[in-house]
Structures are given as C-alpha cells and as structure tokens.
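Report on the structure given below.
There are 2 protein chains.
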Amino acid sequence: MALAVAAGERVRGTTSPNPPVGCVILDADGELVGEGATRPPGGAHAEVVALAQAGERARGGTAVVTLEPCAHHGRTPPCTRALLDAGLARVVHAVSDPNPQAAGGGDVLRAAGVHVESGLLAEEVERGTLRAWLHYARTGRPHVTWKYAATLDGRVAAADGTSRWISSEESRAEVHELRTKIDAIMVGTGTVRTDDPSLTARATRSGQDVTRQPLRVVVGMGDLPRGARVLDDEAETMHLRTHDPDVVLGALAARGVVDVLLEGGPTLAGAFAGARRIDRVLAYLAPKFLGDGPSALRDAGVSTVTGAVALVVEQVSMCGPDVRVSAVMPSGAAR
Amino acid sequence: MALAVAAGERVRGTTSPNPPVGCVILDADGELVGEGATRPPGGAHAEVVALAQAGERARGGTAVVTLEPCAHHGRTPPCTRALLDAGLARVVHAVSDPNPQAAGGGDVLRAAGVHVESGLLAEEVERGTLRAWLHYARTGRPHVTWKYAATLDGRVAAADGTSRWISSEESRAEVHELRTKIDAIMVGTGTVRTDDPSLTARATRSGQDVTRQPLRVVVGMGDLPRGARVLDDEAETMHLRTHDPDVVLGALAARGVVDVLLEGGPTLAGAFAGARRIDRVLAYLAPKFLGDGPSALRDAGVSTVTGAVALVVEQVSMCGPDVRVSAVMPSGAAR
Chain D
85 MALAVAAGER VRGTTSPNPP VGCVILDADG ELVGEGATRP PGGAHAEVVA LAQAGERARG
145 GTAVVTLEPC AHHGRTPPCT RALLDAGLAR VVHAVSDPNP QAAGGGDVLR AAGVHVESGL
205 LAEEVERGTL RAWLHYARTG RPHVTWKYAA TLDGRVAAAD GTSRWISSEE SRAEVHELRT
265 KIDAIMVGTG TVRTDDPSLT ARATRSGQDV TRQPLRVVVG MGDLPRGARV LDDEAETMHL
325 RTHDPDVVLG ALAARGVVDV LLEGGPTLAG AFAGARRIDR VLAYLAPKFL GDGPSALRDA
385 GVSTVTGAVA LVVEQVSMCG PDVRVSAVMP SGAAR
Chain L
85 MALAVAAGER VRGTTSPNPP VGCVILDADG ELVGEGATRP PGGAHAEVVA LAQAGERARG
145 GTAVVTLEPC AHHGRTPPCT RALLDAGLAR VVHAVSDPNP QAAGGGDVLR AAGVHVESGL
205 LAEEVERGTL RAWLHYARTG RPHVTWKYAA TLDGRVAAAD GTSRWISSEE SRAEVHELRT
265 KIDAIMVGTG TVRTDDPSLT ARATRSGQDV TRQPLRVVVG MGDLPRGARV LDDEAETMHL
325 RTHDPDVVLG ALAARGVVDV LLEGGPTLAG AFAGARRIDR VLAYLAPKFL GDGPSALRDA
385 GVSTVTGAVA LVVEQVSMCG PDVRVSAVMP SGAAR
C-alpha cells in the first residue's frame, strides 16, 4: 500500500476532477508485477495502468489500491470490470469511494467472488494524497488550503509594506513544490495590486522542470492592473468578480478544480475563514517579530474570543528556520 | 550528571541570586552516596549539601556537579575547600563559572591534585537549569523570557477585548508551573488596568502546593488602580515608573532577580523587544483565528521587514491542542 500511496502522490495535481489514485499489482506469489497511477482526465485509471503493466501475471493475484475501485462507466469503463477481466483473486483498498455514482465497487467485486479488504493505511490516504478529492467528492466543493507566511506575532508585512522575505528560502521553496501539486492558486485583487505576484510554480527543489502550471484565480470586484504578472502567458488566469466564497468555489468546481491553494491576502482569507470555507491552514511562521504591519487575517466576522475560527493542529514541524503548522477544520465544522 | 541536573532543576526559582546547582557524590567504587542542590541564599551550596550526605564515603570518590565549583569566599566558604577537605579524587562539572569572582575553581582543584573534567551535558545545562543564571553572570542583567498566548494570526484578544481563553487549559497549567520556577513576573500597567491579573502561581499539575510566590513587577508611569489584585497580600509587588527596559532590569538585578517572566502586554513586550532585551520567547499558539483584535506585540520600533527582531527556534512542540514555540535571541544579538 505504501507503494500505491507513493504512486498516487506522484500524479497529484494532474488528475482533477479525478482522484490521484495509486495502484500496485502483486502476482499469485506476492511479487510486484505492476504499478500505476491515475492518468490525466480522460485517460486510464490507476488500476488499468497497473494491470496493463502486469499483463497475464495479474491472474490470481492481488490489486492494492488507495481508493475503492469505481463501478461506474464515466469517460472510461469501470475499473471493477478491468479487475475481474484480469482474474484478480484479491483487492485491498485504503478508503471507500464516497461518490454515490462510482461507489459500490467493493460490493461488485465481492459478488463476483473476489476477496475484498478495505481500510489499510486509510488514515494516511485520507489525510494525504486523497484528502482534497475526498472533500470534493463529499461536499461538492473544492478543498481550500490557506497558506500564509507570517512572523510569530502574526504579521505578513512590516509597517512600510515590505514583506520580502518574511519566511525563509526553505519555506518559499516548499511552497513552490506545493504549487505543482494543486489545481488552482487563489489571491485577492489587493494582493495583485500590492505585490504583483506571478503565481506560477517555479523550479522545484528536486531540480525537476515544472511541466504544468496551476490555474491562477483572482477574486475581487476591482479591475486587474494592465501589465499585471498574473495576466502573462505563463499560466491561465480567472478573475472572479465577487466577494462570496461559495460563489468562488462553485465557479471552480464547475471547472473541475478540486484542490485550491489560497495565498491571501488577509481580506480574502478573512472572507473564507468567516464563511468556514478554509479546510486546512498551512502556516509558515518565521521566528521574527515586527510589532507593526498587517496581520495574516482580517475581517473574519469574529468579534469575541468564543467565536474564533477553531481548527485542530495536525502536524507541527520545522521548515528550515521556520515553524510549519498544518491545522485542519474539525470534521463537521463547515456548514 | 543527569541526576545532578535534576537536583538543580528541583530548586530552580529558590536560589537567586545564586545559581540552582545540582551535585551528586559517588564513592571510590562509583556508588551514589550523596546528592544535593543549592539552598536558598545564605545557605549551603550544592556540593556542601551533597558532601554532608556522603560523609566519609566521599573520600577518594567523584563529585559530579552542574557548575564549576566556586573558589571564592562569599556568604559561604569556597566549595573547592569543602571538596578538598572531603578528599575527593575527581570532579566532573558541566559548565564553567563565568563569574570572574568565583571562577577558577577547576584550577584550584587541579593544583591540589584533583582530576577535573568539564563539559559533560554542558549544552543541556546551558539551555536548561542554568540558562538564566549564566546570562545574569555574563551580562549583569536578569534573563527575560517573554511568554504570550495568541491565536495563529497573532491576536492576544478579540475585537471586543475578550481574551479568556485564547490558550488551552493545558497551556495555562504549564504557565502556572513555570511561574513557580522564576524570580519575578512582569507586566505593564495597561495589563493591570485591563485584565486585573493576580500574577501568582497557583496549584501545579503535580498537585503540589506552591510555597513561594515570585515577585510581581508592574512597569509603567500610570498609577495602579486601588484594589488591583497585584496589590493583595499573596505576593510582593514592585511598581517601576519607567518605560526603559534597562532601568527595569537594573532595578531587578539590584534586588537579586535573575530570571524574569514577561507576561505582557503588547506595549511592554514591544519596548523590551525593541531594546533587544528579550532573551527567550515562549509562545503558546492556539489553532484559532480571530482576524481582529490586538496583536501580541506593539511598537517594537521596527518599520521595515529587514529590521525585524530575529530569533532562533530552539524547540517546537505541542501543549495540549496548542503549539508551543521556544525561541532564543541568537548569541551576540543583544547590545
């Protein structure tokens, strides 16, 4: 299953609106004979890729897959069919498919005499490779990660507006790596006017070229300045003239966007936090203090301490000299 | 040495202006025959306490002590004399004494034919039990730990001024435990007016009674409100009518205060941060967002990002649901 998870992780950011699933095939003797991951939309699912590699050696073997195999005919035939045709004896999957259209694959396989197990490394997959897609499948809304870099006193810029750089080189490199794994990057019009970011993923730490750029999304009523970097040809850009997070998420879902990185600024983040439409927060906190300047979040509609937007810390660790905090909305908190 | 460190830690907060030293004595066969820690000022030093317990069994044995034994005659005779009188063959200490008056104990012992080693667990002692005292011995200033509890967006209260409770019960209990280990708690007059805190250490998690209260220090020009809790009989209170951190630290050093806990508010913390008189920051960050309300730090005299007060993270961990960050001023940063 760890191999299947890794295979899925490698294609994260290239499969939406389909899930980045990973699959390995073991033959009847337990030897690895195939490995695959979801191809870009319209292409083969992970099971089919892995089965093609395994060929006849799959017969009597085991498929290990991060998500319950689909039982429906979408742009590709159901994976359950492919698994049955290949003559597999056993299917082990991490998480069940919450999508009512595609679900029930386990039952279909069982009815056909295949031994089906579920739950292996389920938590790792739920929190990792399939987190965004599972959220999207369950709620119909793209998964929103709010990423910000601030000082320990919560400032995202100094009194004079300077913000380069609050966080370390290591943290900034990690964010570029993250951008290669998501579908869309979102900022407010204020950030475009103030910082003129290009919002593209640049060379990764591993030195690999970035072959695919996420969609750039700018939210707000104001016009974008002529010549703004987000209007260049490096990636596609969508300007949504609204302040309503649900309107934004609806428009993105309609485009097949599953995984969104909200990169600010404080006003847009405040609107999303206030609407409880931030599913995860990824904070890079530099061990610095400014004592003045804008805070990471503004206008979240909270006036008293008991009304705070409350999350649960999932992981805390170091990224170079900075503290990295990953916190998630407790399940059931979103309306 | 780990036993000696633990013995010193147990008396932390009761020995100032003397260091909370721990000592164990092993006999010639390496068996533990004595253990001791610094008694309150005027009382015996750790070595003398441990030697008294060991008695004649110390002869030919080893003293393991967190700090180089003193060679000077203060309120008590030099520890080097006591060690020589007891006939010890070997002395192992963690850190050397930076105090010019008391230093040289190692040389005195060596000249008398004792085998002396230093450096064992030195870093642990430097960062732990003896951190504050070593800072005080080297700079003449009390060591300042700024403790604050804030949301991840750096707020210490909501827009309506409510702040109970930003941090978790676990974090608050830990702070009470911390208060039993320091010499003085410091706040600004603004905090006294706004929160009316009692600034006492209450029952600890271990259920032990608190036998000693730290000095309460209020800094600022304004008068304290009649009936303020800091004026009750629970502990002594000192009101310093100044805004200058160095005047405050001078007054505290003159009273033998070695280890100070700065508990806010944002203006006082800003004055200390701006003067680079915060030696350590202990932040309890609750995974909550307010988007409004006062930030943890104000007016630190920083206007641009490159002028930020920069620290180094020493430890990051969880305290209940909160993130606990301990960061220290890089050596040489204080003027």
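First to last, the sequence lines map onto chains D and L. Numbering-wise, the working numbering comes out as the position in the first sequence, counting from 1, plus 84. Numbering-wise, the working numbering comes out as the position in the second sequence, counting from 1, plus 84. Beta carbons are placed, not taken as given, at the ideal position from N, Cα and C, and that holds for glycine. Given the structure is predicted, the values throughout are model-derived calculations rather than measurements.
Between the CA atoms of residue j and residue i - distance to the nearest angstrom
i	j	result
Gly306(D)	Gly358(D)	21 Å
Val400(D)	Ala367(D)	10 Å
Ser433(D)	Arg165(D)	Chain D is shown only over 85 to 419; residue 433(D) falls outside these bounds and no answer can be derived.
Arg361(L)	Arg211(D)	42 Å
Arg35(D)	Pro161(D)	A query on residue 35(D) cannot be resolved here, the shown segment of chain D reaching from 85 to 419 and no further.
His177(D)	Arg325(D)	42 Å
Ala187(L)	Leu218(L)	12 Å
Leu70(L)	Leu214(D)	Beyond the ends of chain L as shown, which are 85 and 419, falls residue 70(L); an answer cannot be given.
Phe356(D)	Cys154(D)	33 Å
Ala128(D)	Gly106(D)	12 Å
Ala52(D)	Pro226(D)	The question about residue 52(D) has no answer here: the residues shown for chain D are numbered 85 through 419.
Pro405(L)	Val397(D)	7 Å
Gly203(D)	Asp191(D)	15 Å
Val341(D)	Ala221(D)	12 Å
Thr99(D)	Lys265(D)	10 Å
Asp328(L)	Val407(L)	31 Å
Glu253(L)	Ala233(L)	12 Å
Val95(L)	Val209(L)	14 Å
Val389(L)	Ala243(D)	8 Å
Val179(L)	Glu131(L)	15 Å
Interface flag, residue i vs chain L, CB-CB below 8 Å
i	result
Thr388(D)	yes
Leu366(D)	no
Asp280(D)	no
Asp363(D)	no
Asp383(D)	yes
Element boundaries [alpha helix (DSSP H), containing residue i]
i	result
Ala338(D)	329–338
Gly358(D)	350–358
Cys403(D)	Taken as a continuous stretch (DSSP letters only), Cys403(D) belongs to no alpha helix (DSSP H), being part of the beta strand (DSSP E) at 396–403.
Ser255(L)	253–263
Asp406(L)	That residue, Asp406(L), is in no alpha helix (DSSP H); its beta strand (DSSP E) goes 406–412.
Leu168(L)	163–169
Test: residue i CB closer than 8 Å to a CB of chain D
i	result
Ala242(L)	yes
Phe373(L)	yes
Leu168(L)	no
Ala234(L)	yes
Ser379(L)	yes
Arg239(L)	yes
Asp376(L)	yes
Pro101(L)	no
Assigned secondary structure, residue i (DSSP; H/G/I helix, E/B strand, else coil)
i	result
Thr273(L)	helix
Arg419(D)	Legend: pLDDT at Arg419(D) = 46, less than 50; position of this residue unreliable, no value from coordinates given.
His177(D)	strand
Arg94(D)	helix
Glu208(L)	helix
Val117(L)	strand
Leu366(D)	strand
His323(D)	strand
Cys237(L)	A small fix is needed here, since residue 237(L) is Asp in this sequence, not Cys. Asp237(L) falls in the coil class under three-state DSSP.
Arg194(D)	helix
Val303(D)	strand
Trp230(D)	strand
Val386(L)	coil
Leu172(L)	coil
Val200(D)	strand
Val344(L)	strand
Thr160(D)	coil
Leu308(D)	coil
Thr223(D)	helix
Val294(D)	coil
First through last residue of the beta strand (DSSP E) which encompasses residue i
i	result
Cys107(D)	106–110
Leu151(L)	146–151
If the cut-off is 7 Å on Cβ atoms, which residues from the segment 193–223 of chain L count as contacting chain D, listed in chain order?
Residues passing the 7 Å Cβ filter: none.
Residues in the segment 390–414 of chain L having any Cβ partner in chain D nearer than 7 Å
Those residues of the segment 390–414 of chain L that come within reach of chain D (Cβ to Cβ, closer than 7 Å) are Ala392, Val393, Ala394, Leu395, Val396, Val397, Val400, Met402, Pro405, Val407, Val409, Ala411.
Using a Cβ-Cβ cut-off of less than 9 Å, give me the residues of the segment 332–359 of chain D that come near chain L, in sequence order.
If the cut-off is 9 Å between Cβ atoms, the segment 332–359 of chain D has Pro350, Ala353, Gly354, Ala357, Gly358 near chain L.
Which residues, in order along the segment 243–267 of chain L, keep a beta-carbon less than 8 Å from a beta-carbon of chain D?
Near chain D, meaning a CB-to-CB distance below 8 Å, the residues of the segment 243–267 of chain L are Ala243, Asp244, Thr246, Ser247, Arg248, Trp249, Ile250.
Looking at chain D, which residues of the segment 171–194 of chain L have a Cβ within less than 7 Å of any of its Cβ atoms?
Listed by position, the residues of the segment 171–194 of chain L near chain D (Cβ gap below 7 Å) amount to none.
Near-chain L residues of the segment 131–158 of chain D - C-beta to any C-beta below 7 Å:
Listed in sequence order: no entries.
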